[in-house]
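Mapping of the sequence shown onto the working numbering: position 46 corresponds to residue 299, and the numbering continues sequentially without gaps.
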Amino acid sequence: MSFQGKAVVEQVRGMAERIVVSEGLELVDAEWKGGSRGGTLRVFIDNEAGVTHADCERVSRQLSAVLDVEDLIPATYSLEVSSPGLDRKLSRPGDYRRFAGRAAKVRVREPLHGTRQLTGRIEGNSDSAVSLRTASGETLEILFADIELARLVIEV
Numbered sequence: 254m255s256f257q258g259k260a261v262v263e264q265v266r267g268m269a270e271r272i273v274v275s276e277g278l279e280l281v282d283a284e285w286k287g288g289s290r291g292g293t294l295r296v297f298i299d300n301e302a303g304v305t306h307a308d309c310e311r312v313s314r315q316l317s318a319v320l321d322v323e324d325l326i327p328a329t330y331s332l333e334v335s336s337p338g339l340d341r342k343l344s345r346p347g348d349y350r351r352f353a354g355r356a357a358k359v360r361v362r363e364p365l366h367g368t369r370q371l372t373g374r375i376e377g378n379s380d381s382a383v384s385l386r387t388a389s390g391e392t393l394e395i396l397f398a399d400i401e402l403a404r405l406v407i408e409v
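And the structure:
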């Protein structure tokens, strides 16, 4: 997002957060895919009971109206509001508490035990780190600041 960088996404995130919370939902993330000439603004919402198509439609309608009034995005864009999916991103400490016991794939900024890709079960977390038990039975404490990307693993 080159036209105004991450600042626009942060402003959108703030607007979306207010709308989503008023609907009894949780804002998972907001992202821009594209360039200064156009792209897609994606907003991911969730709820412990799950997200319905009607939830996405309500949030989309409200957020679209606010974005039209605020005119933050000077490019042509599409707005997508959806569930984060089964392999959702984990981005806040609360995500790790909520999904304790579930398998996650974590990519760290610097190699840990010779690799940047770690997979294991979330055992818990503090305000600054998550505990991940690997398939070998080793428990790793990974600082949130060291995590580049974390996602749940789809288990069948």
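Note that the Cβ used here is the ideal one computed from N, Cα and C, for glycine as well.
Please report the distance separating the alpha-carbon of residue i from that of residue j.
i    : j    : result
R341 : I400 : 15 Å
T368 : A382 : 18 Å
A283 : L402 : 15 Å
V361 : I395 : 8 Å
E310 : V334 : 7 Å
M254 : E323 : Per-residue confidence for M254 stands at a pLDDT of 41, beneath the threshold of 50, marking its modelled position as unreliable; no derived number is given.
L343 : L405 : 7 Å
E270 : E391 : 37 Å
E301 : N378 : 19 Å
Per the DSSP calculation, residue i is bridged to which residue(s)?
i    : result
T387 : G373
S331 : T293
L402 : R360
Using CA atoms only, rank isn't needed, just tell me which of the options is closest to residue i.
i    : options                : result
S384 : G267, L320, A353       : A353
A398 : V406, E363, I407       : E363
T387 : S379, I375, D380       : I375
V359 : L371, R350, A269, R351 : L371
V281 : D348, D380, R355       : D348
V319 : Q264, G377, A260       : Q264
K259 : V274, W285, S275       : W285
What residue range is occupied by the uninterrupted beta strand (DSSP E) comprising residue i?
i    : result
A356 : 356-365
L198 : Outside the shown range of the chain (254 to 409) lies residue 198, about which nothing can therefore be said.
If you reduce the DSSP assignment to three classes, tell me which class residue i lands in.
i    : result
S275 : helix
V304 : coil
A382 : strand
D324 : coil
E408 : coil
D233 : Shown here, the chain extends from 254 to 409; a query on residue 233 therefore has no answer.
E284 : strand
G267 : helix
On the DSSP letters alone, give me the boundaries of the alpha helix (DSSP H) that residue i sits inside.
i    : result
R350 : 346-351
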